[in-house]
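Oh and the sequence shown: position 77 is 748 in this note's numbering, straight run, nothing missing. Don't be surprised by glycine CBs; every beta carbon is placed ideally from N, CA and C. Presented below is the structure to which this report refers.
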Amino acid sequence: MAPKQKDLQKALQEINKSIKEFKDELKNVKDELKKEQQDLRKDVQQAMAKIENLTEETGKLKEKDKIQDQKIKYLESASMMVELKNTEKFLRFRGIPEQEEEKIQEVMINQLITYLGVDDLDMESKTDLIYTVNSPIATKQKLPSDVVVQFVTKKMRDMVLFKSYNKDFEI
């Protein structure tokens with residue numbers, strides 16, 4: 672063999688060795704990429720599972736929120752009905768003159784007995800609350816105040832109302 676041929680064979684062996692090293696290096700890179708790809712797939716699957724779980728929880732929370740809204744609406748309407756029911760028993764008497772040290776409860780009870788024309792001295796038990804309502808304008812101008820009477824029953828309030836259609840309530 673000629674020296675050139677030996678040099679070429681040696682060069683060829685080195686090239687084959689370099690190619691083999693390059694192939695090994697590529698194989699290692701390929702294996703690392705596959706491993707990273709598997710890890711990424713696993714991470715994506717875990718993220719998707721978490722998203723699905725959060726979506727389910729959000730749906731449950733929305734359902735609970737809807738139920739709570741329905742309960743709130745029901746309670747509001749029930750509260751309004753109770754409030755309306757309570758106000759059914761109230762009457763407001765306007766322009767009732769008031770004197771110092773006067774007990775408005777006694778005056779109103781006596782006036783209601785006289786107005787209704789009943790001998791019922793038990794009118795006090797037919798009224799629940801009696802109080803004056805003063806507005807700032809009425810106080811400044813020294814106008815008579817309003818008196819609110821809450822009757823125990825709606826029937827009693829209606830008696831006063833029906834009577835007021837025929838005859839004004841005056842003190």
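Determine the contact status of residue i and residue j, defining contact as a CB-CB distance below 9 angstroms.
i	j	result
Q785	M827	Inspection of the sequence shows that residue 785 is occupied by Thr rather than by Gln. Result no, Cβ atoms of T785 and M827 do not sit closer than 9 angstroms.
M779	I801	yes
K760	K811	no
V823	S796	yes
If you draw a straight line from the alpha carbon of residue i to that of residue j, how long is it in whole angstroms?
i	j	result
K733	L725	12 angstroms
S835	Q782	13 angstroms
M830	F764	15 angstroms
E777	K737	52 angstroms
D702	S689	20 angstroms
L683	V700	25 angstroms
I722	A749	40 angstroms
L711	M719	12 angstroms
Ends of the beta strand (DSSP E) at residue i?
i	result
D793	No beta strand (DSSP E) contains D793, which DSSP labels as neither H nor E.
D829	First-last for D829: K825 to N837, but that is the alpha helix (DSSP H), not the beta strand (DSSP E).
F840	Element bounds for F840: n/a, residue is neither H nor E.
Below 8 angstroms on the Cβ atoms is my contact criterion, and I expect residue i with residue j to pass it. Report the Cβ-Cβ distance as a whole number of Å.
i	j	result
T803	D793	Not quite, the Cβ-Cβ distance comes to about 23 angstroms (not below 8 angstroms), so this is no contact.
V820	L762	5 angstroms
E772	P815	Between P815 and E772 the Cβ distance is about 17 angstroms, and since that is not below 8 angstroms, they are no contact.
Please report the residue range of the alpha helix (DSSP H) in which residue i lies.
i	result
Q821	Note, Q821: premise wrong, no alpha helix (DSSP H); beta strand (DSSP E) at S816 to F822.
V778	I775 to L787
P807	P807 to K811
Indicate, with yes or no, if the ligand MN has a heavy atom lying under 8 angstroms from the CB of residue i.
i	result
V819	You won't find the ligand MN in this model; it holds no ligand whatsoever.
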